[in-house]
Amino acid sequence: MLYSLKTNDVSAYQGDKNALYDYVGAISPDSAVIIDALADTATGIIEKYIGTPLGKRPIRLVISRGEAEVNDGYFRSWQQSGSTFSGGMNGNVNQWIEFPTPDIDSIQSVTVGSWQSTNKIQLVENQDFIMDYDSANPRMMFSYPLFIQDYFYKYKNIIIDYVGGIYDVNGQVPLPIDTAIKYLTKNMFDQRGGQQTNYFDNGYKFLLANYKTPAIAGGRT
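If you count the sequence shown from 1, position 34 lands on 34 in UniProt numbering, and the numbers rise without skipping.
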């Protein structure tokens with residue numbers, strides 16, 4: 001399956017600006033504008049590395065078929081894999097779709113696109129699908145037992161609009177993430193205009209290890 005996570009913007013740095021300036025060690029007040037821009041850039045880089053939005057905001061998750069899934073053998077192996085089935089609704093065992101966002105406030109819309117029509121099919125929560133918000137990563141399961149078979153033969157994509165992220169916008173940034181942003185901002189500030197280096201070393205990976213979204217099994221992003 002092909003997975004695409006989209007937002008309309010990126011998270012701006014939400015931490016204490018004065019603490020950031022002290023961490024970078026800039027003396028000139030003229031450097032504040034540069035540091036602010038670098039902090040926003042560092043936030044975007046870390047957001048990309050983690051694999052999910054930092055500040056909560058509207059997100060669109062698109063799940064579609066890749067070219068390999070037109071092969072019947074691939075489809076059968078994917079459908080019959082026991083690791084992909086782990087729950088039931090109304091007595092039906094079906095596949096969970098795990099979200100790459102650890103904290104979801106609400107599901108705004110779920111639509112299915114068909115190969116047979118340009119119209120989108122609107123799904124209804126607690127009728128066509130249920131949500132499990134209590135897992136480490138929230139997940140969704142469809143109520144229709146033949147959904148996966150029909151999805152393979154008839155449907156081309158699922159579009160899920162929701163609101164989520166790691167922390168509330170204008171809220172408290174988790175300390176390890178804030179430290180990683182400051183660390184990266186300082187490196188970029190100190191080395192601006194110089195020879196390009198590897199800004200993202202193992203120190204960042206250690207700080208962000210607990211927040212990194214695992215790759216979705218069998219999928220590409």
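Ideal Cβ positions, reconstructed from N, Cα and C, are used throughout, including at glycine.
When C-alpha distances from arginine 60 are compared across Asn187, Asp134, Leu5 and Ile177, the shortest belongs to Leu5. With respect to glycine 193, arginine 57 sits apart: the two C-beta atoms are not nearer than 9 Å. Counting the other Cβ atoms within 10 Å of the Cβ of aspartate 178 gives 16 or more, which makes it buried. Judged by DSSP in its simplified three-state form, valine 33 adopts helix. Under the three-state reduction of DSSP output, threonine 179 falls in the helix class. Only buried fits isoleucine 46, as 16 or more other CB atoms lie within 10 angstroms of its CB. Per DSSP, valine 124 lies in no alpha helix (DSSP H) and is assigned neither H nor E. Minimum Cα-Cα distance from glutamate 98 among the listed residues Val110, Asp105, Asn137 and Val62 corresponds to Asn137.
Cβ contact annotation for isoleucine 35 (same chain, cutoff 7 Å, sequence separation greater than five): Leu20, Tyr21, Val24, Ala26, Thr185 and Phe189, in chain order. For the pair isoleucine 158 and valine 112, the CB atoms are nearer than the 9 Å cut-off. Residues of the same chain with a CB within less than 6 Å of the CB of glycine 15, apart from the 5 flanking positions on each side, are Val173 and Asp178 in chain order.
Annotation for phenylalanine 206: no beta strand (DSSP E) segment contains it, though the alpha helix (DSSP H) segment containing it runs 202-208.
Using a 10 angstroms sphere on the CB of phenylalanine 206, the tally of other CB atoms stays under 16, which defines it as exposed.
The C-alpha of leucine 38 lies about 24 Å from the C-alpha of asparagine 210. Within the model, the alpha-carbon separation for aspartate 30 versus tyrosine 13 is close to 19 Å. Between alanine 42 and isoleucine 181, the CB-CB gap stays under 9 Å. In this model, asparagine 202 and lysine 120 are separated by some 44 Å (Cα to Cα). In this structure, the straight-line span from the alpha carbon of aspartate 9 to that of proline 53 is close to 10 Å. Contact between tyrosine 183 and glycine 55 fails: their C-beta atoms lie close to 19 Å from each other, not under 8 Å. For valine 24, the enclosing alpha helix (DSSP H) stretches over residues 17-24.
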